[in-house]
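Residues 25 to 672 (the working numbering) make up the sequence shown, in order.
Just so you know, even glycine gets a beta-carbon here, dropped at the ideal spot from N, CA and C.
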Amino acid sequence: MLRLGPSLLARLARAPLRAPLRAPLRAPLRAPLRPCGAAAAGHGEEQERFVFLEYEPDPAERAAAAARLHRERELKLKPRQERELKVKPKPRQERGAAAAVPSLSDPSVPPSGVSCSGCGAELQCGHDGAPGFVPAERYRSLASEGPAGLRGAVCQRCWALAHHGSALRLRLPPEQHRRVVSAALRRPPRHGRGPLLLYVLDVMELPDPVLPQLPALLGPDVPAAGVLVVGNKVDLLPADCRGHLGRLRRRVAAACARAGLRGPALVDIRLVSAKTGYGVEGLVSRLQRSWKCAGDVYLLGATNSGKSTLFNTLLLSDYCKSRAPDIIDRATVSPWPGTTLNLLKFPIINPTCDRIFRRQERLKEEATKTEDQLSSEEKKYLNQLKKQGYLVGRVGRTFQQQKSSAEIDFDPDTLSYSMDEDPIDAPKKLEEREEFTHNEVKDARWCFDTPGIVKEDCVLNLLTEKEVKLVLPSHAIVPRTFILKPGMVLFLAALGRIDYLEGEKPAWFSVLASNLLPVHVTTLSNADTLYEKHAGQEFLKVPMGGEERMKEFPPLVPQDITLKGIGTTEAVADIKLSSAGWVAVTAHEEEELLLRAYTPRGTALVVREPPLLPYISTIRGARIPGTPAYRTKKPPSFVENLRTTGSR
């Protein structure tokens, strides 16, 4: 019979009272985080709250939670008749005292000189509102491990983004963004040659608002070897006809020409999806074939264009040194604009003739495979990508470092203890972080990820974190088409509105925006009432927060638009409602339409002619009886570099 010592019995007796509080904090470092409270069960409208494993909660959140708990306790103690009365607010000085929380920063500690591996900001614990902040206690713990302790660590902001999906409000002014990028590009040329610029452009944002700023950003004293434009996020757009990618490439080329980027300065234009991997292998081959290893490469572009996602994808490809993925951490990726705050980098592999040959052999072999020949894990991952995008690619690695099998140290003495003693936990051994040798990086060329350039007239600048997640599409866009008569109005959430004022015949309006944004159609006489009643509510969804939220949200301002139809199957123009999406308008040939479009004050409304997807109205199902809407239809996905089952 097993006998337990008195000290162990005492510990077990206390365990039921302490376990609920201690269990989340004793979880493994990489264990999944579980939502706590009513939000976890789907009740209430409060934001989900999580337990930080390494970092303390934000001071403002702690103060708000403490005040909310205090109010709840007061209400429980009062009689029911008093509970129904309105609770009077506390005096200003009492509220201020209740909100006071101990500071997590320590201004006496100097900055570390080490960059955050997620966003590139310098790690520090002196100011919690500045980039690279790490709570003082955690900072000291990492610094006590020596120079390698902070290397590979992430700041509190990146931790919240990666583990909680929430963004701490921290933005750098546009001038500081440009200063960081400009200073990096103006460095003296390394290896006797200026850098190659990979400008990442979101094809859905055409005409790109930042591309015209590129010549001014570079300036005459930047010895750039050229610009390779990467049109990203093609996976989100459905194919409205055969050859739609060629048309998208021509649209990107036209945007580059309008921005003054042409001739020898424009190295090439590639269409990719940094998320699903489509076109990435072709981009790597293009870089290795032409640029080889002549100089450094910089990823440039606007915020939310996908630079950091492309950086992470290239890090796991043949473009990167084989050991680098085990040494360099992934860049932090989130829908929140301006995630990257400083430079991140990985070393570029030298594409020797032997390496290029072996890589081409791998690509040829993989192109002969069918989906049935893939492993179960590859199939599962491929099916996930198919659900997220229309165009999917498989990014592999030809050169991988062979890892030795890990040996498990077994010490039986740590498992044995007397009946009167508590079990002793074995001391944890610190894992040694791999580092590059001097010879590996002394002559290396580097691929740099840079901070995104902020779009100043973008609707995302007006939104909260939750709203941004709803507005930016994360899955393939399913077009929604409506047929409207004059006197009808189309709402895209509460972020955009299009009035069909004058015209003789009905017209088709195809909405291309995040599938999470609602679209509502009403009459012109009811439109103002609908907006006043439902803006800030669940019906229009974004913005969210009720009357208080709408008081600070700018009003919708109108712009009149006149269009002339070119046919019932081809759109005449796109009405782009800032970064919330756009509406493709299709009308009868020679039919003149008078429209009035609305966007929030301070955001850009663009009439895009010719439209990006002119035949998008043909991707629809049958008309829904009694409504102006058509049933939606999602085109199938296409996997690049994979043979169709049954083909020869």
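8 Å Cβ cutoff met for residue i and residue j
i	j	result
Lys479	Pro233	yes
Leu703	Leu636	Lying before the first or after the last residue shown, residue 703 is absent from the chain, which here runs from 25 to 672.
Ser661	Val416	yes
Tyr223	Leu311	no
Pro262	Tyr405	no
Leu334	Val276	no
Arg386	Gly330	no
Asp523	Arg632	no
Leu269	Leu238	no
Thr300	Leu409	yes
Val483	Leu540	no
Phe133	Tyr163	Looking at the sequence shown, residue 133 is not Phe but Val. Going by C-beta atoms, Val133 is nearer than 8 Å to Tyr163.
Gly319	Leu220	yes
Ala160	Pro236	no
Leu516	Ala537	yes
Cys149	Cys182	no
Asp350	Ile373	no
Leu209	Val251	no
Lys403	Glu395	yes
Thr547	Asp264	no
Spatial distance of residue i from residue j (CA atoms)
i	j	result
Arg383	Thr422	6 Å
Ala121	Ser603	Residue confidence is low: Ala121 scores 34 on pLDDT, short of 50, so the model does not pin down where it sits. Its coordinate-derived value is still stated next. The alpha-carbon atoms of Ala121 and Ser603 are separated by roughly 41 Å.
Val308	Pro155	32 Å
Gly287	Ala348	35 Å
Glu169	Glu146	18 Å
Arg573	Pro624	14 Å
Leu666	Glu390	7 Å
Val513	Leu496	23 Å
Pro638	Glu305	29 Å
Pro652	Val545	8 Å
Leu57	Val178	At Leu57, the pLDDT of 39 sits below 50, so the modelled position is not reliable and the matter cannot be decided from this model.
Ser428	Ser346	With a pLDDT of only 49 at Ser428, under 50, the local geometry of the prediction cannot be trusted, and the value read off the model is given with reservation. Spanning the two alpha carbons is a distance of roughly 15 Å.
Pro258	Phe381	Checking the sequence shown, residue 258 turns out to be Val, not Pro. Rounded to whole angstroms, Val258 to Phe381 spans 29 Å at the Cα level.
Gly255	Leu174	36 Å
Ile590	Asp598	13 Å
Ile352	Phe370	7 Å
Leu494	Met568	11 Å
Gly527	Ala608	17 Å
Tyr605	His215	First, the residue type needs correcting, since residue 605 is Gly and not Tyr in the sequence shown. Whole-angstrom Cα-Cα distance: 43 Å.
Glu70	Asn336	Interpretation of Glu70 is limited by its pLDDT of 36, a score under 50 that renders its predicted location unreliable; no figure is taken from the coordinates.
Gly218	Glu464	21 Å
Glu664	Lys393	11 Å
Leu587	Lys529	13 Å
Ser297	Asp130	42 Å
Leu128	Phe472	32 Å
His561	Tyr555	One point to set straight first is that residue 561 is Gln, not His, in the sequence displayed. Roughly 10 Å between the two C-alpha positions.
Glu571	Arg504	29 Å
Ile293	Val321	16 Å
Arg273	Ala279	10 Å
Arg21	Gly645	There is simply no residue 21 to check, as the chain begins at 25 and stops at 672 in what is shown.
Leu618	Asp584	7 Å
Leu285	Arg211	22 Å
Lys316	Tyr622	48 Å
Lys565	Pro542	7 Å
Residues bridged to residue i [DSSP beta-bridge criterion]
i	result
Tyr654	Arg647
Ala608	Ser534, Asp598
Tyr524	Met512, Leu619
Gly560	Met568
His499	According to DSSP, which records beta bridges pairwise, His499 is partnered with nothing at all.
Tyr519	Looking at the sequence provided, one finds Leu at residue 519 rather than Tyr. According to DSSP, which records beta bridges pairwise, Leu519 is partnered with nothing at all.
Pro371	Trp470
Ile477	Ala326
Leu128	Answer is none; Leu128 lacks a bridge partner.
Lys588	Glu616
Ile507	Trp532
Closer than 8 Å to chain B by CB, residue i
i	result
Glu229	Annotation note: the requested chain B is absent from the structure, which comprises a single protein chain.
Any non-hydrogen atom of the ligand ADP within 7 Å of residue i CB
i	result
Thr610	Looking at this structure, you won't find the ligand ADP or any other ligand, since it has none at all.
Let me know the beta strand (DSSP E) ranges lying completely inside the stretch 249-301, each 3 residues or longer, listed in chain order.
List check, beta strand (DSSP E) in window: 250-256, 290-295.
What runs of the beta strand (DSSP E), each 3 residues or longer, lie entirely inside the stretch 307-343?
Here the runs fully enclosed are 321-325.
Segment contact, 8 Å Cβ cut-off, at least three pairs: the stretch 472-489 with the stretch 504-512:
Segments in contact, no.
Do the stretch 566-580 and the stretch 522-536 meet, that is, are 3 or more Cβ pairs less than 8 Å apart?
Because the criterion of three Cβ pairs below 8 Å is not met, the stretch 566-580 and the stretch 522-536 do not touch.
I'd like the ranges of any alpha helix (DSSP H) spanning at least 4 consecutive residues and lying wholly in the stretch 133-171.
If one requires a minimum length of 4 residues, the alpha helix (DSSP H) runs lying completely within the stretch 133-171 are 160-167, in chain order.
Can you list the alpha helix (DSSP H) stretches of 4 or more residues lying completely in the stretch 372-414, in chain order?
Those alpha helix (DSSP H) runs which fall completely within the stretch 372-414 and span 4+ residues are 377-391, 400-412.
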